[in-house]
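So this note's numbering is basically just the index in the sequence shown, starting at one, shifted up by 1. Cβ coordinates follow ideal geometry from the N, Cα and C atoms, glycine included. Bear in mind that the values here come from a model prediction, so they are computed numbers and not experimental data. Okay, structure first, notes after.
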Amino acid sequence: MKHLSDAELQAYLDRDPAQLREETEAHLHACAHCRANLAAYRRLYGGLKDETGFLLSANFADAVAAKIAKRGDRKADFLEIGLIVAALISGVAAVLYFFEPGDVFKTLLQQGIAGISDLMRSIPLLQGSSLHILLFTAAILALVGILDKMIFQFRQR
2 MKHLSDAELQ
12 AYLDRDPAQL
22 REETEAHLHA
32 CAHCRANLAA
42 YRRLYGGLKD
52 ETGFLLSANF
62 ADAVAAKIAK
72 RGDRKADFLE
82 IGLIVAALIS
92 GVAAVLYFFE
102 PGDVFKTLLQ
112 QGIAGISDLM
122 RSIPLLQGSS
132 LHILLFTAAI
142 LALVGILDKM
152 IFQFRQR
């Protein structure tokens, strides 16, 4: 006599329409081994129905995502702030190197932004070598980029 397989016993308990119920029931009536296996599967199915598992709170995923985002943002914030401070110091140092601070502020107050171009033409370093122009331009662009990041991107957070 061939015993019923685990898949056949599970299909019988699941009331699978493809399962030949009459043949399975006839075999179970005649075979004590398969009846014992079926009883074990019934106990297992009953235990699985009673098992609730563990439940998570409704906002569990949001809470975990918020903690992950906070940890990631903290490192990024320190890096961004450090880069902003370094760029500001570099920009201020470049301006102080090329100009006397009193001249810059006095020109801004008296003539506005247009007066700065005259002040820049008077710098001897900018008249002779293009390398100094490139370095000065890079410092100004870095300063503008940092100010842009500080003003506009921090507002969006």
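Residue i (DSSP reduced to helix, strand or coil)
i           : result
residue 3   : coil
residue 58  : coil
residue 21  : coil
residue 149 : helix
residue 63  : helix
Enclosing alpha helix (DSSP H) for residue i [first to last residue]
i          : result
residue 35 : 33-51
Nearest-angstrom Cβ-Cβ length linking residue i and residue j, presumed shorter than 8 Å
i           : j          : result
residue 150 : residue 85 : 7 Å
residue 29  : residue 22 : Incorrect: roughly 10 Å between the Cβ atoms, too far for contact.
residue 5   : residue 46 : About 16 Å separates the two Cβ atoms, so there is no contact after all.
residue 39  : residue 57 : Not confirmed; about 35 Å, so no contact.
residue 91  : residue 59 : Their Cβ separation, rounded to whole angstroms, is 49 Å, which puts residue 91 and residue 59 out of contact at 8 Å.
residue 143 : residue 94 : Wrong, their Cβ atoms sit about 11 Å apart, outside the cutoff.
Beta carbon proximity, residue i to chain B, threshold 9 Å
i          : result
residue 42 : Of the chains in the structure shown, none is chain B; there is only one protein chain.
Beta-carbon proximity check, residue i vs residue j, cutoff 9 Å
i          : j          : result
residue 27 : residue 20 : no
residue 7  : residue 42 : yes
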